[in-house]
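>
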Amino acid sequence: MKNRNLSILIFLLLSQFISVNIFGQASQKFVPLTLNNVTWTEFKHETAISLNARYYIQTGTLPYFRVKVKSDSLTVEDVLTESLEKVGYKIVSDNNGSFFITKGISLKTQLPIGFFAMQTSVSEISETQKDQKVRDGKLVTSSVYVAKTIVIGDVKLNPQKRKCLLTGYVTGSGDAGPIIGGTIYIDELETGTATDENGYYQLKLLPGKYTLVFKSLESIERNVKINLLSDGKLDMSLDQNLYVLQEVEIRSAQEHNVRSTQMGFNKLSAKTINEIPVVLGEKDVIKIALLLPGVTSVGEGASGFNVRGSPADQNMFFVENTPVYNTSHLFGFFSAFNPDVIDNFTLYKGSIPAKFGGRLSSIFDISTKTGSMDKFSARGGISPITARVMAEGPIVKKKISYIAGIRSTYSDWVLRMVKDPEIRNSKAYFGDAVLGFDANINESNKLKLFGYYSEDRIKLSNSTSYQFKNQGASVNWSHGFRNKHDLNVSFVFSDYEFEEENSELTFAAYKQNYRLLHNQLNVDLNLQPFENHTINTGVSGVLYRLDRGWHKPLNDQSGVLPIDFGKEKALESAVYVSDSWKISPLITLLGGLRYNLYTYLGPQSVYTYMPNSPMSPTTITDTLNFGNNQPIKTYGGLDYRFSVNFLLNPNMSIKAAYNRLHQYIFMLTNTIALSPSDKWKLADYNIKPMVGDQFSLGYYLNFGKDFEGSVEAYYKKAHNLVEYKDGADLVTSKIVEWDVLQGDLDAYGIEFMIKKPFGRFNGWVNYSYAHSSVLVNNTTTGENINFGQRYPSNFEHPHTFNLVTNFKASRRLIFSGNLIFSSGRPITYPAAIYYLDGEKVLHYSKRNEYRIPNYFRIDLAVKLEGNLVSKKLAHGVFIFSVYNLTGRKNAYSVYFKSENGIVNAYKMSIFGTQIFSITYDFKLGNYDD
Amino acid sequence: MKTQNVIYILVIILISNSCVDKFWPDVDKYENVLVVDGLLSDSNDPTTVRLSYSSSINSGDFIPAVGGELYLSSSIQDDVFFDETEPGIYMITDTSFKGIPEAFYQLHIKMPSGNIYESEMCSMPLSSPIDTIYNVYESKQVYVGGMEEHGLQFYLNNHSDSYDTCYYLWKLSSTFKYQASFRIHYTFEGEFIPYPNPDSLRTCWFSSKENDIFIFSTQYFDEPIVKDLPLNFVSTSNKSLSIRYSLNVNQLSISKDAYDFFNALKQQNIDQGNMYSKQPIQIKGNVVSINNKEEPVLGYFVVAGSTEKRIYVDRPKIPFTYVECTPDYDLRFIRFEPPSAWPIYIVDIMFTGWAMGPTNNCFDCRLDGGSLTPPDYWIE
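Going down the list, the sequences are from chains F and U. Just so we're aligned, residue 0 is where the first sequence starts under numbering that gives the first Met the number 0, counting upward by one. Just so we're aligned, residue 0 is where the second sequence starts under numbering that gives the first Met the number 0, counting upward by one.
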């Protein structure tokens, strides 16, 4: 089949693709629902912009039709096939955003073997024909081979061996016309050029033998050996590279493993989140994040997680730009994010973009779904613990949409029916809600309003009760300039508060509260001013207002003396710029700077202390009083971001990165796992902000049909880590600097990951080797922890292995499973026993010298989709899952206790048995809708 | 209904069934450290210091530190020397010596190795009166997941006229009178022999120290008053309350440092096994090594003002759950028992009743740890 009639419709767009642009593969991106029912012309225009799609139409025109986009997970090819197949058109795409629409005859995917302007022997051609095969879903019409050396020019014309000018014209095979933006790469010199908009190229080279590699988006690579003697001409014809129509795989947008400069980066979509089995059928982004390399936790049910050997307070959580300070429900058993509303989450743990700051270890960025602009839809589910429902739809069609999700437990009701009094008298309620409005004001302006609420009310058998509340809201406006640049402005508000009531002893019954208010303004600008540069710049300002709360008597019978911990205020502002510069097709460099200016503000009274001595009540030299909004202390800090990507070949790269970050807020905690009543505290007059550096180096490889592999090594160091002194009492520690010391954290590790993101059988497997340790030894004041010796961090797991798999047995039956292994966390065991008044007492000495037993778990889930009848009101899914299939009693902790004169040792496990659950999820409409 | 059960189970698993199993890990490191455990008070009890060495967690033996030379210096009295009355037990044998409130004391130790240890200078706080000790019938789970037990919870009220802030350590000891389940009427050794004194092994008095550390400070309270402070809980699942029970409370007024020491020990022991437990630490006492400042010394030399109060409680009218013995033999078949089973004790009225096997706590109360004679302080 000749390509004579393939005409290029959107010719001008091609000029944007002069460089080899392999990002934004339109054939793999989903068509937004907003394009439903638009005309072909609109569709063409929209997808050309948003998806970089190009269309090649055989006949030049198409019949009038409207495009139907029935779900948000359809590719351009799916959408066009649906509309055009019935009228006899065929759609074929390559992997690079080109769509070929042919009429009548099914497109032959075999194209004539291209031939060179020069002679090749008949036997060579037939040999290459034998090599024809289908590879990676692509038809390879001529395998890469090297022809005989072509002699260009005449040695007599260039006796001085000056540089020669080689010119040429590159076309597609047949009559496809010039190839624009094709590359000509000189193997020996590792350099090259590209063809211009007419298909011409020029190279200035010294005479000699070279191997030229001709390549373009839509054609097959071709290698040519030349012997250049003087100025000359070499025209080239390249074969089209078309897809064989086998099966269409729907793929979500994804960051490219090999090509992006991102390191230590994981992005997971709602689809993946839904497929992984979790405890009690409660889909949970944080539990899923724990299956990624470098992410661990102190133990099951512990809140927060540890990224690459850092404490949990070095992670920041954002939902639609809104920070969430308490990410868990029920003390950490569940995460506070409704899974139905989540579109995807991104975890940055290696190179954190310059637009994020304020946390040393990671940024956990959750994107919620955008409500459908076309029709009402709802989904929800019931698990043994919660019920949830989510609704979305247009307010003004194609202009304004909403999405609302709510989740709540019914455990209160269940608990009341339990006979055991400890449980019957307990209460555990939690719930969360999300509300979003999206407005497409016009082509270049979008507005998103987002609100978040979560609440926990827990009462433990009549003596302790907790109430946690998180509220957040953001207004996000984005503005696009000439389809190239965009401006994002967001105003963010977040409020975290808790209250604890303790009435274990009537006369000592107390109540304590805490509140943190976070207001933030971000202005973020993405620019593409020059070719090969992507610049991100902006400013951000955060106003923190903390009420460290009261510790006061609960009632009249209580004789507790009230303590007011006081309020704190600070402004953290930052200005940043980063540039991702594609120096050559093979090297991309990213550099960024972020200047943070942190000001601790009054009203406040602060103490000054004698220099070089411990900060304690006895060393106070002066008290400084500051009025409202008066700067007390200012810390400036420059963050660096640097990363580089060397593309070794299209499927292999090496990346390196260095990051420096500053953190001005930390969690005051003296427990091994974060406790529910731990409070955030700001860096202040006497407590310095934390500074962290991370170096990472990685090797990335895409192989096989769909596999992505990576190896990343990192080394990081954090300074001014805040640790409680031995025996400090949190409840009464009003003047924090008396009770804490600042030290250093060191962590290093290597992470191996192989991922198969798509296909009937998908999943990932990873292994990490990691170390993390803390040193607190202030030689000037003589204060230290652990006798001034380095000790392993509480959450150090040297070996971790995670296997996550999904197998689609059929469209209605999906099996999935996890296998998790990790070495036990460090623990302190007694060094001896001694006697006091006849009682045995345990003597502890050095920290974390031992480890608890290794952790091992297998989870399985079976997902049963409802019937696939095309027209029905709702579609249901049953998920049967078992968590901890082997029932292994994994240790959360091992401890010694002196009880009635005897020392006993125990192992505590949180989920010491198999946990079966059934979850029912439903949605309006059908399977794929 | 069935689904509801499933849900209960899941929730119970989730919330309560974080299971705890006995598990003894390999602990191969061991620190051998000197332990000083002493108490000086203004009571008439002899001042005693126990010196020992810490032992391996796997053995847990008491290793006395013998041959020490100890003396006490003070701000108002002459130096007083200790005698080693038993291995590792050092006492001021001069019965006329007792501490004087508000004086300063310091303990000096010289070990045979030549190492010298000293306590900090400690002032002896004034004692405070115990106002009342009372009890309330309560039922509670003595351990998590256990059955509910009935019993008496003891409480204490006190006040201080001397200080604005008080620190207390209470040492509790219980004594109770109880009876074995049966009287012995006869013994059987081929023939029935009348038992001379059927009640002789039946009634006993049992004394024990309470293991828990009872401490409290009024530092976070408006007034130096302790109100309704829970002491021990005495369950009816044993015979403690079956006839008459006595609780003796020795209230020691201690320094803030001593309080902090005992509080740290107590909290550290309670805290282990909590989901949010703290990193256990070395708890430093008030004795240091003079030769080597780095050498850890465990324990505490407590200097305290002392008050005591004893109360008695007769069998309360509350549910008792302890179980009396059931006899081993039916009397009708006793003649078929071989001589190896002899002597058989006939513990109930002849011809209608039952018999017990050899030596047994069902008729010999001493085998439950008690003594047949009441302690000196016992008042009926």
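Backbone N, C-alpha and C define an ideal beta-carbon position, used for all residues, glycine too.
Residues in the segment 534 to 567 of chain F with C-beta within 7 Å of chain U's C-beta atoms, listed in sequence order?
Those residues of the segment 534 to 567 of chain F that come within reach of chain U (Cβ to Cβ, closer than 7 Å) are G558, V559, L560.
> Measure the alpha-carbon distance for Y663 of chain F versus R544 of chain F and round it to whole angstroms.
Between Y663 of chain F and R544 of chain F, the C-alpha separation is close to 13 Å.
> Give every residue of the same chain whose Cβ lies closer than 6 Å to the Cβ of L923 of chain F, excluding the five residues on either side of it in the sequence, and list them in chain order.
Once the five neighbours on either side are set aside, the close Cβ partners of L923 of chain F are S376, A377, A873.
> So within the segment 522 to 582 of chain F, which uninterrupted beta strand (DSSP E) runs reach at least 3 residues, ignoring any that extend past its ends?
Entirely contained in the segment 522 to 582 of chain F, the beta strand (DSSP E) runs reaching 3 residues are, in chain order, 532 to 546, 549 to 552.
> Which of the three DSSP states, helix, strand or coil, is assigned to F42 of chain F?
F42 of chain F: helix per DSSP, three-state reduction.
> Would you list, in sequence order, the uninterrupted alpha helix (DSSP H) runs of no fewer than 4 residues that lie entirely inside the segment 717 to 800 of chain F?
You should have 735 to 738.
> When the Cα atoms are used, what is the spatial distance from K28 of chain F to F760 of chain F?
Computed Cα separation, rounded: 21 Å.
> Quick check: the Cα distance between E711 of chain F and N776 of chain F, rounded to an integer number of angstroms?
One C-alpha to the other measures close to 31 Å.
> Residue range of the alpha helix (DSSP H) that S126 of chain U falls in?
Segment: none, S126 of chain U is in no alpha helix (DSSP H) and carries neither H nor E.
> Please check the pair G379 of chain F and F879 of chain F, which I expect to be a contact at CB under 8 Å, by giving their CB distance rounded to whole angstroms.
About 18 Å separates the two Cβ atoms, so there is no contact after all.
> Does any CB atom of chain F fall closer than 9 Å to the CB of A303 of chain U?
No, no contact with chain F.
> Please report how far the alpha carbon of Q118 of chain F lies from the alpha carbon of V150 of chain F, in whole angstroms.
Caution applies to Q118 of chain F, whose pLDDT of 32 falls short of 50 and renders its modelled position unreliable; the value that the coordinates give is listed next. Taking the straight line from one Cα to the other gives about 12 Å.
> Reducing DSSP to helix, strand and coil, say where Q271 of chain U ends up.
DSSP places Q271 of chain U in coil when its eight states are reduced to three.
> For D638 of chain F, tell me which candidate among F:Y575, F:I582, F:K632 has the shortest Cα-Cα distance.
The residue with the shortest Cα to Cα distance from D638 of chain F is F:Y575.
> Throw me the rounded Cβ distance for the N314 of chain F and F363 of chain F pair, which I believe falls under 8 Å.
N314 of chain F to F363 of chain F, Cβ: 6 Å. Contact.
> For a contact meaning CB atoms closer than 7 Å, what does E281 of chain F contact in chain U?
None at all; the shortest Cβ gap to chain U is about 10 Å.
> List the residues of chain F whose Cβ lies closer than 7 Å to the Cβ of F220 of chain U, in chain order.
Chain F residues near F220 of chain U: G558, V559, L560.
> Would you check if the distance between the CB atom of P552 of chain F and the CB atom of Y513 of chain F is smaller than 9 Å?
Taking 9 Å as the Cβ cut-off, P552 of chain F and Y513 of chain F do not qualify as a contacting pair.
> Give the DSSP bridge partners of N305 of chain F, in chain order.
Per DSSP, F:T295.
> DSSP state of T617 of chain F, grouped into three classes?
Residue state, collapsed to three classes: helix.
> Taking 7 Å as the limit between beta carbons, can you name the residues of its chain near D41 of chain U, skipping five residues before and five after?
Answer for D41 of chain U: K97, G98, I99, P100, M123, S126, G304, S305, listed in chain order.
> Cα-Cα, which of U:T202, U:R49, U:D60, U:Y177 is closest to I832 of chain F?
Here the closest residue by C-alpha is U:D60.
> Quick one: grab the DSSP three-state call for C18 of chain U.
Here C18 of chain U sits in coil by DSSP.
> The segment 829 to 844 of chain F: which residues have C-beta closer than 8 Å to a C-beta of chain U, in chain order?
Of all residues in the segment 829 to 844 of chain F, P829, A830, A831, I832, Y833, Y834, L835, D836, G837, E838, K839, V840, L841, H842, Y843, S844 have a Cβ within less than 8 Å of some Cβ in chain U.
> Is it the case that the segment 231 to 251 of chain U contacts the segment 156 to 176 of chain U, given that we only count it when at least three CB pairs across the two stretches are under 8 Å?
Touching, per the Cβ criterion.
> Following the continuous alpha helix (DSSP H) through N273 of chain F, name the residue where it begins and the one where it ends.
Where N273 of chain F is concerned, the enclosing alpha helix (DSSP H) stretches over 269 to 274.
> Check whether chain F comes within 9 Å of C18 of chain U, counting only Cβ atoms and requiring the distance to be less than that.
It does: the Cβ of C18 of chain U has a partner Cβ on chain F nearer than 9 Å.
> Residues in its own chain within less than 7 Å of R456 of chain F by CB, not counting five upstream and five downstream?
Contacts found: K426, Y428, Q466.
> Going by DSSP, what residue range makes up the beta strand (DSSP E) through S82 of chain F?
From DSSP, S82 of chain F is part of no beta strand (DSSP E) but of the alpha helix (DSSP H) over 75 to 83.
> Please name the residues in the segment 30 to 56 of chain U whose beta-carbon is closer than 9 Å to at least one beta-carbon of chain F, in chain order.
Result list: E30, N31, V32, V34, D36, L38, R49, S51, Y52, S53, S54, S55, I56.
> Using 8 Å as the cut-off, can you tell me whether the segment 832 to 851 of chain F makes contact with the segment 783 to 792 of chain F, which would need three or more C-beta pairs spanning the two stretches below that distance?
The answer is yes - the segment 783 to 792 of chain F touches the segment 832 to 851 of chain F, with three or more Cβ pairs under 8 Å.
> Whole-angstrom Cβ separation of G198 of chain F and V169 of chain F, contact assumed at under 8 Å?
Indeed, because the Cβ distance is near 5 Å, the residues count as touching under 8 Å.
> Under the DSSP definition of a beta bridge, which residues are partnered with E336 of chain U?
E336 of chain U pairs with nothing; no bridge assigned.
> Between R935 of chain F and I851 of chain F, how many whole angstroms is the CB-CB distance? I'm expecting something under 8 Å.
Any answer about residue 935 of chain F is impossible in this case: the structure gives chain F only from 0 up to 928.
> Mind checking T101 of chain F: buried by the 16 CB within 10 Å criterion, or exposed?
Buried, by the Cβ-count rule.
> G300 of chain F by DSSP, collapsed to three states: which one?
Of the three classes helix, strand and coil, the one that applies to G300 of chain F here is coil, per DSSP.
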